[in-house]
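Undergrad: Numbering-wise (UniProt numbering), the sequence shown opens with residue 1 and increments by one.
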Amino acid sequence: MRSDLSEYNKIEEIARKFIEAVKNGKSEIIKPYFYEKASFFGQLNEKEYQSGPIQGFYDTIDKMGACGPDYTGRVDVLNIEQTIATVRVIEDNWHGYKFTDLLVFNKVNGQWKIVAKVYDTTVAPK
């Protein structure tokens, strides 16, 4: 059975907060929406793998700071099944990179939380 449209809207709103946090270089915007034990895994520069507790992602956002005016992001809510959901976030021009993020959500104590971030990147052509 398909979830109510209101659930899609809640998840999309959180994913847009993700984009806002990355664009502005401020992890505090998205921290409340991640589960405290969330993790990340991804490939950077088509050769380097990064993984660990989500704090590593927060540290990177804060260290890199705000993106330039050419940064853009798109949200696609891919699926919601009861208490789990997946979202794709596509980003262009994050400090010269193109990202595809898959965010995995779980409904924890009645609230949607991001429990994992998996990503792939490429360097944007100059």
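For each residue, glycine too, the CB sits at the ideal point set by N, CA and C.
Counting only the same chain and skipping the five closest in sequence on each side, list residues whose C-beta sits under 6 Å from that of Glu-91.
TA: The residue given as residue 91 occupies position 91 in the sequence shown. Counting only Cβ-Cβ distances below 6 Å, and skipping sequence neighbours, we find Gly-73 and Phe-99.
Undergrad: So, at 8 Å on beta carbons, what are the nonlocal neighbours of Ile-29 in its own chain, with the 5 sequence-adjacent residues on each side left out?
TA: On the sequence shown, position 29 is the one that residue 29 refers to. Answer for Ile-29: Lys-17, Glu-20 and Ala-21, listed in chain order.
Undergrad: DSSP state of Pro-69, grouped into three classes?
TA: Working through the sequence shown from its first residue, we reach residue 69 at position 69. Looking at Pro-69 - three-state DSSP - the assignment turns out to be coil, as it is neither helix nor strand.
Undergrad: Are there 16 or more other CB atoms within 10 angstroms of the CB of Val-123, so buried, or fewer, so exposed?
TA: Here residue 123 refers to the residue found at position 123 of the sequence shown. Exposed, because fewer than 16 other Cβ atoms sit within 10 Å of the Cβ of Val-123.
Undergrad: My output table needs one value for Glu-36: the three-state DSSP class, helix, strand or coil.
TA: Position 36 of the sequence shown, counted from the start, is the residue given in the question as residue 36. Of the three classes helix, strand and coil, the one that applies to Glu-36 here is strand, per DSSP.
Undergrad: Which whole-angstrom value describes the C-beta separation of Phe-40 and Ile-54, a residue pair presumed to lie in contact below a C-beta threshold of 8 Å?
TA: The residue given as residue 40 occupies position 40 in the sequence shown. The residue given as residue 54 occupies position 54 in the sequence shown. Right, the Cβ-Cβ distance comes to about 6 Å (below 8 Å), so this counts as a contact.
Undergrad: By the 10 Å Cβ neighbour count, where 16 or more other Cβ atoms means buried, how is Lys-47 classified, buried or exposed?
TA: Within the sequence shown, the letter at position 47 stands for residue 47. Counting Cβ neighbours within 10 Å, Lys-47 comes out exposed, since fewer than 16 surround it.
Undergrad: Since Ile-11 and Val-118 should fall inside the 8 Å C-beta cutoff, what is the C-beta to C-beta distance between them, to a whole number of angstroms?
TA: Numbered from its first residue, the sequence shown carries residue 11 at position 11. Numbered from its first residue, the sequence shown carries residue 118 at position 118. About 16 Å separates the two Cβ atoms, so there is no contact after all.
Undergrad: Would you call Val-108 buried or exposed, if buried means 16 or more other Cβ atoms sit within 10 Å of its Cβ?
TA: For the purposes of this step, residue 108 is identified with residue 108 of the sequence shown, where counting begins at 1. Exposed, by the Cβ-count rule.
Undergrad: Let's see if you can read the secondary structure: which residues bound the alpha helix (DSSP H) around Ser-6?
TA: The residue you call residue 6 lines up with position 6 of the sequence shown. Here the alpha helix (DSSP H) through Ser-6 covers 5-24.
Undergrad: Anyone know if the C-beta pair for Val-115 and Asp-101 falls short of 8 Å?
TA: Residue numbering aside, residue 115 sits at position 115 when the sequence shown is read from its first letter. Residue numbering aside, residue 101 sits at position 101 when the sequence shown is read from its first letter. Cβ distance not < 8 Å, so Val-115 and Asp-101 don't count as in contact.
Undergrad: Identify whether Lys-31 lies in helix, strand or coil by the three-state DSSP scheme.
TA: The sequence position of residue 31 within the sequence shown is 31, counting from 1. Looking at Lys-31 - three-state DSSP - the assignment turns out to be helix.
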